[in-house]
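Inspection log for the structure reproduced underneath, given as C-alpha cells.
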Amino acid sequence: MQLNGAEIVVHCLREEGVEFVFGYPGGAVLNIYDEIFKQDAFRHILVRHEQAAVHAADAYARCTLKPGVCLVTSGPGVTNAVTGIATAHMDSIPMVVITGQVPTHAIGQDAFQECDTVGITRPIVKHNFLVSDVKDLAETIKKAFYIATTGRPGVVLVDIPKDVTQHVCEYVYPKTIEMRSYKPVEAGDSGEIDRAVELILSAKRPMVYAGGGVILSGAAEKLAELVRGTGYPCTNTLMGLGAYPATDPQFVGMLGMHGTYEANMSMQLCDVLIAVGARFDDRVIGNPKHFFDPNRKIIHIDIDPSSISKRVKVDVAIVGNVASVLGAINAKLKASKAKPDAEALKNWWAQIDQWRGRDCLKFDRTSPIIKPQAVVEKLYEVTNGDAYITSDVGQHQMWAAQFYKFDKPLRWINSGGLGTMGVGLPYAMGVQFAHPDATVACVTGEASIQMCIQELSTCRQYHLPLKIVSLNNRYMGMVRQWQEFFYGNRYSESYMDALPDFVKLAESFGHVGMLIEKPEDIDGAMREAFKLKDRLVFMDFRTDQTENVYPMVPGGKGLSEMILV
Amino acid sequence: MRHIISLLMENESGALSRVAGLFSARNYNIESLTVAPTEDPTLSRMTIVTSGSEDVIDQITKQLNKLIDVVSLVDLTEGPHIERELMLVKVRAKGADQREEMKRMADIFRGRIIDVTDDTYTIELTGPVTKHDAFLEAIDKAAILETVRTGASGIGRGHRILTAG
Numbered sequence: 174m175q176l177n178g179a180e181i182v183v184h185c186l187r188e189e190g191v192e193f194v195f196g197y198p199g200g201a202v203l204n205i206y207d208e209i210f211k212q213d214a215f216r217h218i219l220v221r222h223e224q225a226a227v228h229a230a231d232a233y234a235r236c237t238l239k240p241g242v243c244l245v246t247s248g249p250g251v252t253n254a255v256t257g258i259a260t261a262h263m264d265s266i267p268m269v270v271i272t273g274q275v276p277t278h279a280i281g282q283d284a285f286q287e288c289d290t291v292g293i294t295r296p297i298v299k300h301n302f303l304v305s306d307v308k309d310l311a312e313t314i315k316k317a318f319y320i321a322t323t324g325r326p327g328v329v330l331v332d333i334p335k336d337v338t339q340h341v342c343e344y345v346y347p348k349t350i351e352m353r354s355y356k357p358v359e360a361g362d363s364g365e366i367d368r369a370v371e372l373i374l375s376a377k378r379p380m381v382y383a384g385g386g387v388i389l390s391g392a393a394e395k396l397a398e399l400v401r402g403t404g405y406p407c408t409n410t411l412m413g414l415g416a417y418p419a420t421d422p423q424f425v426g427m428l429g430m431h432g433t434y435e436a437n438m439s440m441q442l443c444d445v446l447i448a449v450g451a452r453f454d455d456r457v458i459g460n461p462k463h464f465f466d467p468n469r470k471i472i473h474i475d476i477d478p479s480s481i482s483k484r485v486k487v488d489v490a491i492v493g494n495v496a497s498v499l500g501a502i503n504a505k506l507k508a509s510k511a512k513p514d515a516e517a518l519k520n521w522w523a524q525i526d527q528w529r530g531r532d533c534l535k536f537d538r539t540s541p542i543i544k545p546q547a548v549v550e551k552l553y554e555v556t557n558g559d560a561y562i563t564s565d566v567g568q569h570q571m572w573a574a575q576f577y578k579f580d581k582p583l584r585w586i587n588s589g590g591l592g593t594m595g596v597g598l599p600y601a602m603g604v605q606f607a608h609p610d611a612t613v614a615c616v617t618g619e620a621s622i623q624m625c626i627q628e629l630s631t632c633r634q635y636h637l638p639l640k641i642v643s644l645n646n647r648y649m650g651m652v653r654q655w656q657e658f659f660y661g662n663r664y665s666e667s668y669m670d671a672l673p674d675f676v677k678l679a680e681s682f683g684h685v686g687m688l689i690e691k692p693e694d695i696d697g698a699m700r701e702a703f704k705l706k707d708r709l710v711f712m713d714f715r716t717d718q719t720e721n722v723y724p725m726v727p728g729g730k731g732l733s734e735m736i737l738v
Numbered sequence: 220m221r222h223i224i225s226l227l228m229e230n231e232s233g234a235l236s237r238v239a240g241l242f243s244a245r246n247y248n249i250e251s252l253t254v255a256p257t258e259d260p261t262l263s264r265m266t267i268v269t270s271g272s273e274d275v276i277d278q279i280t281k282q283l284n285k286l287i288d289v290v291s292l293v294d295l296t297e298g299p300h301i302e303r304e305l306m307l308v309k310v311r312a313k314g315a316d317q318r319e320e321m322k323r324m325a326d327i328f329r330g331r332i333i334d335v336t337d338d339t340y341t342i343e344l345t346g347p348v349t350k351h352d353a354f355l356e357a358i359d360k361a362a363i364l365e366t367v368r369t370g371a372s373g374i375g376r377g378h379r380i381l382t383a384g
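For the record, the sequence lines run as chains A and B.
To convert, count from 1 in the first sequence and add 173; that's our numbering.
To convert, count from 1 in the second sequence and add 219; that's our numbering.
The structure is reproduced here in C-alpha cells:
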C-alpha cells in the first residue's frame, strides 16, 4: 500500500492501538493533522500549551501502563514540550513523542521554527530518532514503541521533517522488531535469586523497600505475596505509593525526606534490606555515607543494571523485570523448608511499633485555621480512598503522599524525579481521559496550579469533571519551609503577591469555584464538590501559612536524623 | 585509574554525540575518544580513554551499555591489550646541531620524519600514549611548534575479540 508519511504516522498509531494523542498543531505537523482529521481510530486532545500535552500523555501512561503519545510541532512546540519530556524521563514513563521538523533541505539553515530537536532532547529521552527518509518511518515508529515499553520504560522521540510527511512509499508495519544493540533482560539470574532467598530467610530485622519499578512492572500483587508471606515490614517510595496497600498493618508508611519516623528508622536499622524497583535516590536515603551500615545486607532488584550499586553498594544484585523476579523469589520461598525467624521478627515488630508510637504525622486538629493535612484526610474520606490523585510539587504533594492512603497501584500520579511544578492539572486530564468514569482529584497549591492554569480551558472543551483541591497558603510552601529551617526565616521571593481570585478564575473558564476558609466548612464543601459529577470544581482552601511538612530529613543528613514535629 | 573502553555502536548520525553527551552530563572524565567505521559499514568502533574510581568506571560501562545504539563494549584494561596512538609533532629544526638532535631523538623513539623544511621537521610517532608523553618531555620544549595526537585506539591481545554478536 502506497502511503505518504503523514498517512503512515496515523496508520502506525492505529496499529499500536493508540487511544489518545495529546497535542498542538503547527506548521511542521500540518500534514499529520490533516490525516488526523480524516480518521477516527484515535482521539486527538487539543491542549493549550505543549507542556501540558506531554504531561497528559505521561499521566495516561502512568495510570494505564500503556505508552502515552503526544504530537507537537517543530521549534517552540518542541522547546515547550521539553519540561514534559524530562519529567516523564526521570520517572521512567513509557511515552512516544512525535515532533514535527522543518523540511530536510531546510535543516541547519536556521529556518523558521527550527531547532535541533534530537540534540536538545538527547539527555532527557531513552532514545530519539530523526527520520530523514519516509522509507524508514514505519520501522522507526515501531522501534519507538518497542524501546519505550520494554526494559526500563522511557520516552522515545521521533522527529519527522515536514517533507517526509509528504513523501510517498510502500507502507508495511513490521510485526516485530529485532535490534542487535538493544536486548532488554526479563528474568533475573537464578543463582542471584537463590542467594536473595537465603538472605531473606536469614533476616532478623528485615525491611522491604518498594519503588516505582513495582508499579511500572505491574508487580503489586507479587510484592504483596512476598510481604504477606514473610510477615516483613514494607515501605514505599513516593513513586511506589500503592505498590503495597497503605492501610495494611505491615505498611510502615512512605520513607525518605518526608517519610514516616517508623519507615526511616526501619530502613536505617534493618539487617536485610530488600530493595524492589527503587533506586536509593537522594530524597529517599539522604546522604549515602550516613546510610551506609556494614552490618546491613542489601538485595537489589531492578531492570536497569546502571541503577545497581550507583549510590549504594549492594550485596545481591538481581537485574530483571521486577514482576518476573518477585515471582521467582515467591516460588522459591514457598518451596523452601526454612521459614522466617518468628522470634526475631516479633522483636523487630515490637521495635517498629514503638517507633510508630511517635505518631510522627500528628498535627493540630483544633486549629481555627485550616490545616492542609486535614483537607487531604477529608479528601481520602469523601472519595472512600478510591480516587485517582494527581499532585503538583511541593508541600501539598508531600501531604497528599502522607495522608491519602493508596491501597492500589496506578492511583497516585505525581512528578517524583524531576519534581515539576505544574504537572497536577494536565496529569489529572490525562487520567480522566484514560478513566472517564473515575473520580480524579488534583491536590495542588496556588503556586503550582498557576504553572499550567491555562489547561482549565482544555478541561472545559472536553468536559472533564476534575476536582481541584488547592491548598492555598499564599506561599511557595516548600521553599518557605526551607527558608524557615535553613535560611534564618528570610523568605526570599517565596511569597506571591496579587494572587488571582481562583473562584472567579474557575468560573471564567466555565467551571465551578469554591472558597473555603474555615476548618468547619471543609467537609460540607468537599462533599458538595464531589456531588457535582459532571463539573470541574476548583476548591480554594485557605490553609495555615506556617504549617510545615514533618518529619523532615534535612539535605545531606542520614535517615535517622529527622526533624520531628 | 586509567581505563580504555572499546565499543561497537550503530554507525548512525548522532551516535558520537550520545557518547560525548553522556560523559559531560554525568561529569565523567574523558581523556580521549576516537571513532571510525569498521569493516562492517553499519558499525563504528570507538575507543574511550577515561579515568575514575572502580565505582565510577562501573557506572561508565553500565551507562554506555544503556545507550540504545551501543552494540557491545569491553573495558580493555581488564585484560591483555594493545594501545596505540598516532602523534604528529612539528618542531623547530634550524642549524646543524638542532637538526641532528631532533633526528636523533626521533630515531630513539622510533619516530619518522615525514616533512622537512629549512627550519622545521614534522615527526610521526606511533605507540602507547605514555611513549608520546615521554617524547614530548625528552625534546627541547621551546622547539615544539605544534602537536597533534589522535588519542588512543585499543584492541585486545590474542583471541580477545570484540564482536557485535
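Where a beta carbon is used, it is the ideal one built from N, C-alpha and C, also for glycine.
Source: prediction; values computed, not measured.
Below-8 Å beta-carbon distance, A/P296 vs any chain B residue: By 1-based counting over the first sequence, the position of residue 296 of chain A is 123. So, interface residue.
Which residues in the same chain as A/G248 place their Cβ atom closer than 7 Å to its Cβ, once the five residues preceding and following it in sequence are excluded? On the first sequence, position 75 is the one that residue 248 of chain A refers to. Only Q286, E287, C288 meet the Cβ criterion.
Please state if the CB of B/R329 and the CB of B/E343 are separated by a distance shorter than 8 Å. By one-based count along the second sequence, residue 343 of chain B stands at place 124. By one-based count along the second sequence, residue 329 of chain B stands at place 110. Contact flag unset, no.
What does a CB cutoff of less than 8 Å around A/E394 pick up in its chain, not counting 5 residues either side in sequence? Taking the first residue of the first sequence as position 1, residue 394 of chain A is located at position 221. So no residue of the chain qualifies.
Around the Cβ of A/L310, are there at least 16 other Cβ atoms within 10 angstroms (buried) or fewer (exposed)? As a first step, residue 310 of chain A must be located in the first sequence, where it is residue number 137. A/L310 comes out buried.
Along chain A, which residues have their Cβ under 8 Å away from the Cβ of B/G240? Here the question's residue 240 of chain B lines up with position 21 in the second sequence. What B/G240 touches in chain A: R295, P296.
Any heavy atom of the ligand ZN closer than 7 Å to the beta-carbon of A/K483? The model on display carries no ligand, and the ligand ZN is accordingly not part of it.
Whether or not the region 494-511 of chain A and the region 387-405 of chain A are in contact is what I'm after, with contact meaning three or more pairs of Cβ atoms, one per stretch, closer than 8 Å; do they touch? yes
Kindly indicate if chain B contains any beta-carbon less than 8 Å away from that of A/I320. Looking up residue 320 of chain A in the first sequence gives position 147. For A/I320, the answer is yes, since a Cβ of chain B falls inside 8 Å of its Cβ.
Min CB distance A/K315 to chain B below 8 Å: Counting from one through the first sequence, the residue named residue 315 of chain A turns up at place 142. Judged by the 8 Å Cβ criterion, A/K315 is not in contact with chain B.
Let me know if A/Y553 comes out buried or exposed under the rule of 16 or more other beta-carbons within 10 Å of its beta-carbon. Against the first sequence, residue 553 of chain A aligns to sequence position 380. By the 10 Å Cβ count, A/Y553 comes out buried.
For the region 210-250 of chain A, list the alpha helix (DSSP H) runs that are entirely contained and at least 4 residues long, ordered along the chain. 223-237
Cross-strand partners of A/W522 (DSSP beta bridge): By 1-based counting over the first sequence, the position of residue 522 of chain A is 349. Answer is none; A/W522 lacks a bridge partner.
Beta-carbon proximity list for A/T748, same chain, < 6 Å, skipping 5 on both sides: One cannot answer for residue 748 of chain A here, as it falls past the ends of chain A, which runs 174 to 738.
Classification of A/Q546 by the beta-carbon crowding that lies within 10 angstroms, buried from 16 upward: What you label residue 546 of chain A is simply residue 373 of the first sequence in a count that begins at 1. With 16 or more Cβ atoms within 10 Å of its Cβ, A/Q546 is classed as buried.
Quick one: give me the first and last residue of the alpha helix (DSSP H) that A/K505 is part of. The residue labelled residue 505 of chain A in the question sits at position 332 within the first sequence. Start and end: 495-508.
With 7 Å as the C-beta to C-beta threshold (strictly closer), list the residues of the region 347-368 of chain A near chain B in chain order. R353, S354, Y355
DSSP three-state assignment for A/Q282, whether helix, strand or coil: In the first sequence, counting from the first residue as 1, residue 282 of chain A sits at position 109. In the structure shown, A/Q282 sits in coil (DSSP, three-state: anything other than H, G, I, E or B).
B/Y247 (DSSP reduced to helix, strand or coil): The sequence position of residue 247 of chain B within the second sequence is 28, counting from 1. DSSP places B/Y247 in coil when its eight states are reduced to three.
Which residue wins for smallest C-alpha separation from A/C443, given the options A/G650, A/L637, A/N468, A/A419? Here residue 443 of chain A refers to the residue found at position 270 of the first sequence. The alpha carbon of A/C443 has as its nearest neighbour, out of A/G650, A/L637, A/N468, A/A419, the alpha carbon of A/N468.
A/L372 versus A/V183: straight-line alpha-carbon distance, rounded: Residue numbering aside, residue 372 of chain A sits at position 199 when the first sequence is read from its first letter. Residue numbering aside, residue 183 of chain A sits at position 10 when the first sequence is read from its first letter. Rounded to the nearest angstrom, the two C-alpha atoms are 51 Å apart.
Sub-8 Å separation of B/T366 and B/V308 beta-carbons: Mapped onto the second sequence, residue 366 of chain B falls at position 147. Mapped onto the second sequence, residue 308 of chain B falls at position 89. Cβ atoms of B/T366 and B/V308: closer than 8 Å.
From what residue to what residue does the beta strand (DSSP E) around A/G364 run? Here residue 364 of chain A refers to the residue found at position 191 when the first sequence is read from its first residue. Careful: A/G364 lies outside any beta strand (DSSP E), inside the alpha helix (DSSP H) at 363-375.
In this structure, how does DSSP classify A/Q527 when only helix, strand and coil are distinguished? For the purposes of this step, residue 527 of chain A is taken as residue 354 along the first sequence, with counting starting at 1. Looking at A/Q527 - three-state DSSP - the assignment turns out to be helix.
With 16 as the cutoff for other CB atoms within 10 Å, does A/N503 come out buried or exposed? Along the first sequence, read from residue 1 onward, the residue named residue 503 of chain A stands at position 330. A/N503 sits buried, since 16 or more C-beta atoms from the chains shown fall within 10 Å of its C-beta.
Below 8 Å between beta carbons: does that hold for A/N177 and A/T277? Taking the first sequence and counting its residues from 1, the one referred to as residue 177 of chain A is at position 4. Taking the first sequence and counting its residues from 1, the one referred to as residue 277 of chain A is at position 104. No; because the gap between Cβ atoms is not below 8 Å, this pair is not in contact.
Across the region 219-231 of chain A and the region 366-380 of chain A, are there enough close Cβ pairs to call them in contact, namely three or more that are closer than 8 Å? no
Amino acids of chain D, ordered along the chain, whose beta-carbon sits closer than 7 Å to that of B/V290: Structure shown: chain D not included; protein chains present are A and B.
Which stretch, first to last residue, makes up the beta strand (DSSP E) that contains A/Y382? As a working note, residue 382 of chain A is residue 209 in the first sequence. 379-383 is the extent of the beta strand (DSSP E) around A/Y382.
Entirely enclosed beta strand (DSSP E) segments - the region 300-375 of chain A, minimum 3 residues: 300-303, 328-334, 341-343
With distances taken Cα to Cα, identify the nearest neighbour of A/I142 among A/L688, A/V449, A/E680. Limits of chain A in this structure are 174 at one end and 738 at the other, which puts residue 142 of chain A out of reach.
When you compare the CB positions of A/I689 and A/I543, do they come within less than 8 Å of one another, or not? In the first sequence, residue 689 of chain A corresponds to position 516, counting from 1. In the first sequence, residue 543 of chain A corresponds to position 370, counting from 1. Closer than 8 Å, so yes.
The alpha helix (DSSP H) enclosing A/R633, as first and last residue numbers: In the first sequence, residue 633 of chain A corresponds to position 460, counting from 1. First-last of the alpha helix (DSSP H) with A/R633: 629-634.
Where are the alpha helix (DSSP H) runs, 4 residues long or more, that stay fully inside the region 240-324 of chain B, in chain order? 273-285
Proximity winner among A/S509, A/K510, A/N494, A/F453, relative to A/S482 (alpha-carbon distances): What you label residue 482 of chain A is simply residue 309 of the first sequence in a count that begins at 1. The candidate whose alpha carbon is nearest that of A/S482 is A/F453.
Which residues mark the beginning and the end of the beta strand (DSSP E) in which A/I472 is found? Position 299 of the first sequence, counted from the start, is the residue given in the question as residue 472 of chain A. Run containing A/I472: 470-475, per the beta strand (DSSP E) assignment.
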